[in-house]
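2 protein chains.
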Amino acid sequence: MNISNKVLGRLTRYRALLTEYFPKEKTHIFSHELAAMMGLSASQIRRDLMCLGYYGVPRYGYEISELVKYINEILDASKLHHVAIVGAGNLGRALMTFLESRRATLKIVAAFDEDPSKSNRMINGVPCHSMDAAEEILRREDIRIAILCVPGSEAQRVTDRLVRAGVKGIMNFAPVPIRIPVGVALEEIDVTSALERVAFFTNNRANAPKERRHADR
Amino acid sequence: MNISNKVLGRLTRYRALLTEYFPKEKTHIFSHELAAMMGLSASQIRRDLMCLGYYGVPRYGYEISELVKYINEILDASKLHHVAIVGAGNLGRALMTFLESRRATLKIVAAFDEDPSKSNRMINGVPCHSMDAAEEILRREDIRIAILCVPGSEAQRVTDRLVRAGVKGIMNFAPVPIRIPVGVALEEIDVTSALERVAFFTNNRANAPKERRHADR
DNA sequence: CCAATGACGTGAACAAATTCACAACGTTCC
DNA sequence: GGAACGTTGTGAATTTGTTCACGTCATTGG
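So the protein sequences, as listed, match chains D and L. Residue numbering for the first sequence follows my numbering, beginning at 39 and increasing consecutively. Residue numbering for the second sequence follows my numbering, beginning at 39 and increasing consecutively.
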């Protein structure tokens with residue numbers, strides 16, 4: 039079966055919840071319990087888990103350690119990915135520490151910035167280089183994933199450089215959409231847009247929808 | 039017509055693109071031009087714009103200033119929203135400057151943190167208070183929107199406090215889902231999950247989909 | 001003035017995502 | 001051992017989102 043982006047996103051969150059924020063003594067979980075924690079419907083949980091090839095048992099639920107194992111397998115969590123942060127402004131630097139040791143398989147190994155005062159030194163434990171060195175270091179360190187935290191006006195230009203240097207996945211925090219060739223994965227995180235959506239539903243006129251939760255029956 | 043979240047998100051991005059990253063001398067734009075910039079199909083752009091009640095003219099396209107005016111109207115951009123950042127760690131502090139003056143109608147007026155060394159002083163131009171003062175200040179400053187940047191273990195507890203204090207919209211950066219009562223808007227931004235999705239498609243096995251682009255015919 | 005153009009608006013088709021509803025089946029209890 | 005229970009897995013229905021395809025219309029050029 040083909041796993042959609044949306045399912046993928048939820049699977050990663052199930053895993054995070056189960057491995058990091060779930061009482062260690064519990065060994066099993068029901069779809070409706072996970073649903074309650076995630077704010078989703080139980081049937082959606084079950085649908086998502088169907089993709090894994092792991093099956094729960096009625097009246098017992100899903101064995102947590104097995105579940106995590108199967109999710110890891112789908113996500114191919116054995117591979118270590120080298121990640122670069124491009125743009126060491128406030129946001130870039132914050133992400134260095136935020137992402138530090140969050141996932142063992144995602145390791146931030148370099149940062150780049152055009153500002154000379156930021157390059158050629160460690161920042162938050164990450165070696166920061168000049169943009170000029172980007173191509174060489176991306177290849178040398180085998181970096182395939184980049185987190186883009188440059189100003190909107192630079193975003194497309196920098197993206198093109200990264201792609202030429204062999205980057206295969208980009209998470210874009212710049213407030214403009216970027217274009218990428220097919221074969222490169224893209225995740226756009228537009229914080230301003232998200233905040234505006236929240237503000238919209240906060241207006242009296244609109245009665246906020248969002249993340250419904252449902253009992254199974 | 040009811041505007042869906044997805045459409046809403048795209049509208050905010052159209053506006054950002056048109057007002058901030060588009061040559062000032064151009065007064066009109068075609069659906070296919072906007073589509074190319076956004077990485078979407080032209081027909082989707084036209085569908086989205088249908089919601090606005092503003093109509094372009096064939097062969098001329100859409101008048102940019104009008105378009106922006108109508109989007110503003112839908113988003114009710116006249117209202118000023120006070121926003122609080124909860125959790126003044128690296129990420130919270132970065133968002134203070136990142137969101138500074140990005141949208142005139144979204145103003146960060148306060149921050150809160152449990153760490154006493156961070157409270158009762160200005161950080162990045164934002165007055166930062168102790169969490170104990172949250173309820174009082176949220177009401178006094180009429181803050182209805184909060185950006186949650188606390189550790190996952192604190193997220194739900196802090197959320198409950200915010201909601202009790204009258205917050206109507208939350209943008210959650212904590213790496214766990216939070217539950218909110220109906221009537222409160224929620225936007226979850228899970229950076230780790232997004233990065234994992236990118237990593238997934240960067241693996242050789244999967245051939246990355248994402249943001250297709252299409253000509254109209 | 002009229003035909004050709006090329007973009008718009010939109011009904012209809014299509015696709016994706018979610019929910020419903022229920023059969024199947026371990027488990028528990030009597 | 002057998003009936004009752006409660007949860008799973010999944011086909012079908014529904015809802016939501018996207019694309020197609022074409023009629024319409026303002027403009028341009030002959």
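Positions of the beta carbon are idealized from the N, C-alpha and C atoms, including for glycine. Just so it is clear, the structure is predicted and the values come from calculations on it, not from any experiment.
Ala80 (chain L) versus L:Thr50, L:Met88 and L:His70, residue with shortest Cα-Cα distance: Taking the second sequence and counting its residues from 1, the one referred to as residue 80 (chain L) is at position 42. Residue L:His70 is the option with its Cα nearest to Ala80 (chain L).
Cβ-Cβ distance between Val205 (chain L) and Ala149 (chain L) below 9 Å: For this step, residue 205 (chain L) is matched to residue 167 along the second sequence. For this step, residue 149 (chain L) is matched to residue 111 along the second sequence. Going by C-beta atoms, Val205 (chain L) is not nearer than 9 Å to Ala149 (chain L).
Backbone secondary structure at Val220 (chain L) - three-state DSSP: If you number the second sequence from 1, residue 220 (chain L) lands on position 182. Looking at Val220 (chain L) - three-state DSSP - the assignment turns out to be coil, as it is neither helix nor strand.
Residue span of the beta strand (DSSP E) that contains Asn118 (chain D), given as start and end: The residue labelled residue 118 (chain D) in the question sits at position 80 within the first sequence. As written in the sequence, residue 118 (chain D) is Leu, which differs from the Asn given in the question. Note, Leu118 (chain D): premise wrong, no beta strand (DSSP E); not H, not E.
Runs of alpha helix (DSSP H) wholly within the stretch 109-180 of chain D (minimum 4 residues, chain order): 128-137 and 172-178
Closer than 9 Å to chain D by CB, Pro61 (chain L): To locate residue 61 (chain L), count along the second sequence from 1; it is residue 23. False, the Cβ-Cβ gap to chain D never drops below 9 Å.
Residue span of the beta strand (DSSP E) that contains Ala184 (chain D), given as start and end: Residue mapping note: residue 184 (chain D) aligns to position 146 of the first sequence, counting from 1. Element bounds for Ala184 (chain D): Ile183 to Leu186.
C-beta contact flag for Arg131 (chain D) and Ile161 (chain D) at 9 Å: Within the first sequence, numbered from 1, the residue matching residue 131 (chain D) stands at position 93. Within the first sequence, numbered from 1, the residue matching residue 161 (chain D) stands at position 123. Cβ distance < 9 Å, so Arg131 (chain D) and Ile161 (chain D) count as in contact.
Buried or exposed by the 16-neighbour rule on C-beta atoms within 10 Å, applied to Asp151 (chain L): Mapped onto the second sequence, residue 151 (chain L) falls at position 113. It counts as buried.
Cβ pair Ile227 (chain L), Ala193 (chain L) closer than 9 Å: One-based indexing of the second sequence puts residue 227 (chain L) at position 189. One-based indexing of the second sequence puts residue 193 (chain L) at position 155. It is not a contact, given that the beta carbons lie outside the stated cut-off.
Buried or exposed by the 16-neighbour rule on C-beta atoms within 10 Å, applied to Pro219 (chain L): Counting from 1 along the second sequence, the entry for residue 219 (chain L) is found at position 181. That one is exposed.
Coarse secondary structure for Gly190 (chain L), derived from DSSP in three states: As a first step, residue 190 (chain L) must be located in the second sequence, where it is residue number 152. In this structure, Gly190 (chain L) counts as helix in the three-state DSSP scheme.
Three-state class that DSSP yields for Gly47 (chain L) in the structure shown: Counted from its first residue, the second sequence places residue 47 (chain L) at position 9. In the structure shown, Gly47 (chain L) sits in a helix (DSSP, three-state: H, G or I).
Enclosing alpha helix (DSSP H) for Ile208 (chain L) [first to last residue]: Taking the first residue of the second sequence as 1, we reach residue 208 (chain L) at position 170. Looking at the DSSP string, Ile208 (chain L) is not in any alpha helix (DSSP H); the run it does join, the beta strand (DSSP E), is Gly207 to Asn210.
Interface partners of Met209 (chain L) on chain D, CB under 7 Å: Here the question's residue 209 (chain L) lines up with position 171 in the second sequence. The answer, in chain order, is Ala232, Leu233 and Val236.
Per-residue burial, Thr197 (chain D) [other beta carbons within 10 Å of its own, 16 or more giving buried]: For the purposes of this step, residue 197 (chain D) is identified with residue 159 of the first sequence, where counting begins at 1. Under this definition Thr197 (chain D) is a buried residue.
Chain-ordered chain D contacts of Lys206 (chain L) [CB-CB under 7 Å]: The count along the second sequence starts at 1 and reaches residue 206 (chain L) at position 168. Those are Thr240, listed as they occur along chain D.
C-beta contact flag for Glu179 (chain L) and Val147 (chain L) at 9 Å: Translated into positions along the second sequence, residue 179 (chain L) becomes position 141. Translated into positions along the second sequence, residue 147 (chain L) becomes position 109. In this structure, Val147 (chain L) lies closer than 9 Å to Glu179 (chain L) by Cβ.
DSSP three-state assignment for Val214 (chain L), whether helix, strand or coil: Start at 1 with the first residue of the second sequence, and residue 214 (chain L) comes out as number 176. Reduced to three states, the DSSP call for Val214 (chain L) is coil.
Inter-stretch contact (C-beta, 8 Å, three-pair minimum) for the stretch 98-117 of chain L and the stretch 57-71 of chain L: yes
9 Å Cβ cutoff, Ala246 (chain L) in contact with chain D: For the purposes of this step, residue 246 (chain L) is taken as residue 208 along the second sequence, with counting starting at 1. Note on Ala246 (chain L): pLDDT 48, under 50, position unreliable in the model; no value is reported.
CA nearest to the CA of Thr230 (chain D), picked from L:Tyr52, L:Ser42 and L:Asn40: As a first step, residue 230 (chain D) must be located in the first sequence, where it is residue number 192. Looking at the Cα atoms, L:Tyr52 is the closest of the given residues.
Distance between Pro154 (chain D) and Ser168 (chain D) (C-alpha atoms, nearest Å): Position 130 of the first sequence holds residue 168 (chain D). Position 116 of the first sequence holds residue 154 (chain D). If I take the Cα positions, the gap works out to 7 Å.
Rounded Cβ spacing between Leu144 (chain L) and Ala237 (chain D) (contact assumed at less than 8 Å): Within the second sequence, the letter at position 106 stands for residue 144 (chain L). Within the first sequence, the letter at position 199 stands for residue 237 (chain D). At roughly 6 Å, the Cβ-Cβ gap stays under 8 Å, so Leu144 (chain L) and Ala237 (chain D) are in contact.
Test item: CB-CB of Arg182 (chain D) and Gly207 (chain D) under 9 Å: Here residue 182 (chain D) corresponds to residue number 144 of the first sequence, with the count starting at 1. Here residue 207 (chain D) corresponds to residue number 169 of the first sequence, with the count starting at 1. Yes; because the gap between Cβ atoms is below 9 Å, this pair is in contact.
Interface flag, Asp228 (chain L) vs chain D, CB-CB below 9 Å: Counting from 1 along the second sequence, the entry for residue 228 (chain L) is found at position 190. Closer than 9 Å: yes.
Among L:Gly127, L:Leu87 and L:Ser191, the one whose alpha carbon lies nearest that of Glu58 (chain D): Taking the first residue of the first sequence as 1, we reach residue 58 (chain D) at position 20. When only C-alpha atoms are compared, the closest one is L:Ser191.
Whether Leu137 (chain D) touches Leu49 (chain D) by CB criterion (9 Å): The residue given as residue 137 (chain D) occupies position 99 in the first sequence. The residue given as residue 49 (chain D) occupies position 11 in the first sequence. No.
Start and end residues, alpha helix (DSSP H) containing Thr240 (chain D): Residue mapping note: residue 240 (chain D) aligns to position 202 of the first sequence, counting from 1. Where Thr240 (chain D) is concerned, the enclosing alpha helix (DSSP H) stretches over Val229 to Thr240.
Beta-carbon gap between Glu111 (chain L) and Leu90 (chain L) smaller than 9 Å: Looking up residue 111 (chain L) in the second sequence gives position 73. Looking up residue 90 (chain L) in the second sequence gives position 52. Going by C-beta atoms, Glu111 (chain L) is nearer than 9 Å to Leu90 (chain L).
Close beta carbons around Cys166 (chain D), own chain, < 8 Å, minus the five adjacent residues each side: Here residue 166 (chain D) is taken as the residue at index 128 of the first sequence, counted from 1. Only Ala126, Ala148, Ala149, Phe150, Asp151, Lys156, Ser157, Asn158, Arg159 and Met160 meet the Cβ criterion.
Glu63 (chain L), DSSP secondary structure in three states: As a first step, residue 63 (chain L) is located in the second sequence; it is residue number 25 there, counting from the start. Glu63 (chain L) falls in the coil class under three-state DSSP.
Option nearest Leu129 (chain L) by Cα separation, candidates L:Lys62, L:Arg85, L:Ile83 and L:Met209: Residue numbering aside, residue 129 (chain L) sits at position 91 when the second sequence is read from its first letter. Cα-wise, what sits closest to Leu129 (chain L) is L:Met209.
Contact list for Ile183 (chain D) against chain L, beta-carbon separation under 9 Å: For the purposes of this step, residue 183 (chain D) is taken as residue 145 along the first sequence, with counting starting at 1. Neighbours of Ile183 (chain D) on chain L, chain order: Leu233, Val236, Ala237 and Thr240.
Assigned secondary structure, Tyr100 (chain L) (DSSP; H/G/I helix, E/B strand, else coil): Here residue 100 (chain L) corresponds to residue number 62 of the second sequence, with the count starting at 1. Strand at Tyr100 (chain L).
Extent of the continuous alpha helix (DSSP H) run through Leu87 (chain D): Counting from one through the first sequence, the residue named residue 87 (chain D) turns up at place 49. Start and end: Ala80 to Met88.
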